[in-house]
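Using full-length UniProt numbering, the final residue of the sequence shown is 436, and nothing's skipped along the way. Even glycine gets a Cβ: it sits at the ideal position worked out from N, Cα and C.
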Amino acid sequence: MILEVQAGQRLDSRGNPTVQVDVKTSHGVFRAMVPSGASTGSHEAVELRDKDKPAYGGKGVLGAVDNVRSIIGPALIEKGFNPQNQQKEIDAFMCELDGTPNKSRLGANAILGVSMACSRAGAAAADIPLYEFLRREANENGAYIMPVPFFNVLDGGRHSGNTMAFREFMIAPTGAQSFEEALRMGSETYSALQSLIARKFGPPATGIGDEGGFAPPITTPEEALDLLTEAVDESGYTGKIKFAIDSASSEFFKDGVYDLGFKTEEANPKSPAQMMELYNGILDKYPIALLEDPFAEDDWDSWTKFNENCQHELVGDDLLVANVDRVRMAHEKKACNSMLLKVNQIGTVSEAIEAARFAKSLDWSVFVSHRSGETTDDFIADLAVGLATGHIKSGAPCRGERVAKYNRLLEIETDQKDSWKPWSYAGEKFRFPEIS
Ligand code: PGA
Ligand code: ZN
Numbered sequence: 001m002i003l004e005v006q007a008g009q010r011l012d013s014r015g016n017p018t019v020q021v022d023v024k025t026s027h028g029v030f031r032a033m034v035p036s037g038a039s040t041g042s043h044e045a046v047e048l049r050d051k052d053k054p055a056y057g058g059k060g061v062l063g064a065v066d067n068v069r070s071i072i073g074p075a076l077i078e079k080g081f082n083p084q085n086q087q088k089e090i091d092a093f094m095c096e097l098d099g100t101p102n103k104s105r106l107g108a109n110a111i112l113g114v115s116m117a118c119s120r121a122g123a124a125a126a127d128i129p130l131y132e133f134l135r136r137e138a139n140e141n142g143a144y145i146m147p148v149p150f151f152n153v154l155d156g157g158r159h160s161g162n163t164m165a166f167r168e169f170m171i172a173p174t175g176a177q178s179f180e181e182a183l184r185m186g187s188e189t190y191s192a193l194q195s196l197i198a199r200k201f202g203p204p205a206t207g208i209g210d211e212g213g214f215a216p217p218i219t220t221p222e223e224a225l226d227l228l229t230e231a232v233d234e235s236g237y238t239g240k241i242k243f244a245i246d247s248a249s250s251e252f253f254k255d256g257v258y259d260l261g262f263k264t265e266e267a268n269p270k271s272p273a274q275m276m277e278l279y280n281g282i283l284d285k286y287p288i289a290l291l292e293d294p295f296a297e298d299d300w301d302s303w304t305k306f307n308e309n310c311q312h313e314l315v316g317d318d319l320l321v322a323n324v325d326r327v328r329m330a331h332e333k334k335a336c337n338s339m340l341l342k343v344n345q346i347g348t349v350s351e352a353i354e355a356a357r358f359a360k361s362l363d364w365s366v367f368v369s370h371r372s373g374e375t376t377d378d379f380i381a382d383l384a385v386g387l388a389t390g391h392i393k394s395g396a397p398c399r400g401e402r403v404a405k406y407n408r409l410l411e412i413e414t415d416q417k418d419s420w421k422p423w424s425y426a427g428e429k430f431r432f433p434e435i436s
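Below you can see the structure in the form of structure tokens.
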């Protein structure tokens, strides 16, 4: 039973306020901290910010904190919910208490903090790890799957100060045999990339963006992918590491045109057809595992057209915002074949699980993701294992809030794998992991 719910305003990795929640039960105190995106899709659940107050430039979350303390907490305690077996009821109750379709009254940040803390309380009550609790919530009963980490090692878009329009260039050690090896490969390649950038552009160019990726003065995707190729070759992992791109293209789409020069003085407009040509060119030339948000969130026609002839994983982030209705629409339109899963886009753990299950039922893959504004909360590591999603992205193998998730995954694999029968590292099968 929930005995007490406390909340406080804390800072996220960008120095912006975020919500921390403590749920107290007879098993202890269970904490969660909520992440926040830079470019929130316009269809996401609403995070409540103190817009009318001057503190933190209107980004404070004291209103959301107060909603946890004075509305959500007392209501949950009064209902006598048991987190061990009532996660769905707790989440549904909070949605009802909010009463809006996008959680804008109490705030998705308030609701999610409580939801995540309740999962931890539930796992402790059942005396099982968090991933096991989430696995049971999701009715997952196949093999235990350690996900392939997709490390964002080059930042562009709104996450950095360079002129690169596309936002993330990731490396994915699909050729590793375990998560532990994947982490080593990622870290070594990251170091090689750092030296390479220092050599090519000078040491000041090794500054990093919001997610820990480097942000050297490059502009085109080919420049980025050539740098990655060189870093992988230098590390000795040729053929064992694939690349991935999150274009986050809603950021530079306007009036039917993609402006690749949106961060410079000079416009560089591309039609959807030219964008498709660009993507096809790089898919042919480089070992690319997936493209995320190659087209804008409401440019459905381009998504559908591109997906028709594409053998690659096409991940919808801003397009879907992990919302079941948008996933359904995307499926009807045959717009993509994979869903990015960011828990705070939806606002409760149960809804996140439901969205993942729904995507899987359509034979889509699911890609678990952090936000650009993160905390040291490592919840999503357990989520990726619990839902057996086969891949996760949590930024570079650098910056405390990014490595918190990777370290948790390492801990899970190291401590638990002997008790899992069967288990595997997803590797090349990151889209649809299964035991061979
Ligand atoms: P965001 O970025 O958290 O700023 O939305 C992360 C992503 O889109 O992958
Ligand atoms: Zn994205």
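* **Those residues which DSSP pairs with Ile392 across a bridge** => Mapped onto the sequence shown, residue 392 falls at position 392. Under DSSP, Ile392 forms a beta bridge with Pro149, Val368.
* Round the Cβ separation of Phe432 and Lys393 to the nearest angstrom and send it over; I've been treating them as touching at under 8 Å. => Indexing the sequence shown from 1 puts residue 432 at position 432. Indexing the sequence shown from 1 puts residue 393 at position 393. That belief does not hold up - the Cβ atoms of Phe432 and Lys393 are roughly 18 Å apart, past 8 Å.
* Hey, is the segment 358-372 in contact with the segment 332-347, meaning 3+ C-beta pairs nearer than 8 Å? -> Result yes; three or more Cβ-Cβ pairs closer than 8 Å.
* To do: Check the C-beta distance from Phe430 over to Thr174 and give it rounded, since I have them as a contact under 8 Å.
  => The count along the sequence shown starts at 1 and reaches residue 430 at position 430. The count along the sequence shown starts at 1 and reaches residue 174 at position 174. Their Cβ separation, rounded to whole angstroms, is 6 Å, which keeps Phe430 and Thr174 in contact under 8 Å.
* Asked: Mind checking whether the beta-carbon of Arg431 lies closer than 7 Å to any heavy atom of the ligand PGA?
  -> The sequence position of residue 431 within the sequence shown is 431, counting from 1. Flag unset: Cβ of Arg431 not near the ligand PGA.
* Asked: Over what stretch of residues does the alpha helix (DSSP H) that includes Leu11 continue unbroken?
  -> Locating residue 11 in the sequence shown gives position 11, counting from the first residue. In the DSSP annotation of this structure, Leu11 is not part of any alpha helix (DSSP H); the continuous beta strand (DSSP E) holding it starts and ends at 4-11.
* Asked: Based on Cα-Cα distance, which residue from Glu251, Val5, Gly186 lies nearest to Pro149?
  -> In the sequence shown, residue 149 corresponds to position 149, counting from 1. Ranking Glu251, Val5, Gly186 by Cα distance to Pro149 puts Gly186 first.
* To do: Spell out the partners DSSP gives Lys242 in its beta bridges.
  => As a position in the sequence shown, residue 242 is number 242, starting the count at 1. Beta-bridge partners assigned by DSSP to Lys242: Ala172.
* Can you tell me which of the three DSSP states Met164 falls into? => Your numbering for residue 164 matches position 164 in the sequence shown. Here Met164 sits in coil by DSSP.
* Asked: Going by DSSP, which residues form a beta bridge with Thr25?
  -> In the sequence shown, counting from the first residue as 1, residue 25 sits at position 25. Gly28, per the DSSP bridge assignment.
* Sequence-distant residues of its chain with Cβ nearer than 7 Å to Lys263 (five each side left out) -> One-based indexing of the sequence shown puts residue 263 at position 263. Here the set comprises Thr163, Ala165.
* To do: With Leu383 as the anchor, note down where its beta strand (DSSP E) starts and where it stops.
  => On the sequence shown, residue 383 is found 383 positions in, with the first residue counted as 1. If you look at Leu383, you'll find it isn't in any beta strand (DSSP E); it sits in the alpha helix (DSSP H) that goes 379-386.
* To do: Report whether the distance from the Cβ of Ala192 to the nearest heavy atom of the ligand ZN is below 7 Å.
  => Counted from its first residue, the sequence shown places residue 192 at position 192. Checking the 7 Å criterion, the Cβ of Ala192 is out of range of every heavy atom belonging to the ligand ZN.
* Asked: How many Å lie between residue 448 and Asp325 at the Cα?
  -> Residue 448 lies beyond the range of the chain shown here (1 to 436); nothing can be said about it.
* Asked: Any heavy atom of the ligand PGA within a distance shorter than 7 Å of the CB on Gly37?
  -> Residue numbering aside, residue 37 sits at position 37 when the sequence shown is read from its first letter. In terms of side-chain proximity, the C-beta atom of Gly37 is found nearer than 7 Å to a non-hydrogen atom of the ligand PGA.
* Asked: Cβ of Asp155 versus every heavy atom of the ligand ZN: is any distance shorter than 7 Å?
  -> Translated into positions along the sequence shown, residue 155 becomes position 155. With a cut-off of 7 Å, the C-beta of Asp155 is classified as distant from the ligand ZN, since no heavy atom of the ligand falls inside that distance.
* Note down the Cα distance separating Ile145 from Thr389, rounded to an integer number of angstroms. => Counting from one through the sequence shown, the residue named residue 145 turns up at place 145. Counting from one through the sequence shown, the residue named residue 389 turns up at place 389. Computed Cα separation, rounded: 8 Å.
* Nearest to Ala352 (by Cα), restricted to the options Gly395, Ala231, Asp91, Ile197 -> If you number the sequence shown from 1, residue 352 lands on position 352. The residue with the shortest Cα to Cα distance from Ala352 is Asp91.
* **For Phe214: DSSP bridge partner residues** => Sequence index remark: in the sequence shown, residue 214 carries index 214 (1-based). In the DSSP assignment, the residues bridged to Phe214 are Leu154, Ile208.
* Nearest-angstrom Cα distance between Arg158 and Glu78? -> Position 158 of the sequence shown, counting from 1, holds the residue named residue 158. Position 78 of the sequence shown, counting from 1, holds the residue named residue 78. Distance between the alpha carbons of Arg158 and Glu78 is about 44 Å.
* Asked: What's the C-alpha gap between Ser250 and Gly28?
  -> The residue you call residue 250 lines up with position 250 of the sequence shown. The residue you call residue 28 lines up with position 28 of the sequence shown. Looking at the two C-alpha atoms, the distance is approximately 43 Å.
* Asked: DSSP beta-bridge partners for Pro269?
  -> Taking the sequence shown and counting its residues from 1, one reaches residue 269 at position 269. Answer is Asp259, bridged to Pro269.
* Secondary structure of Phe432, DSSP reduced to three states -> The residue you call residue 432 lines up with position 432 of the sequence shown. Shown here, Phe432 sits in coil according to DSSP, grouped into three states, outside any helix or strand.
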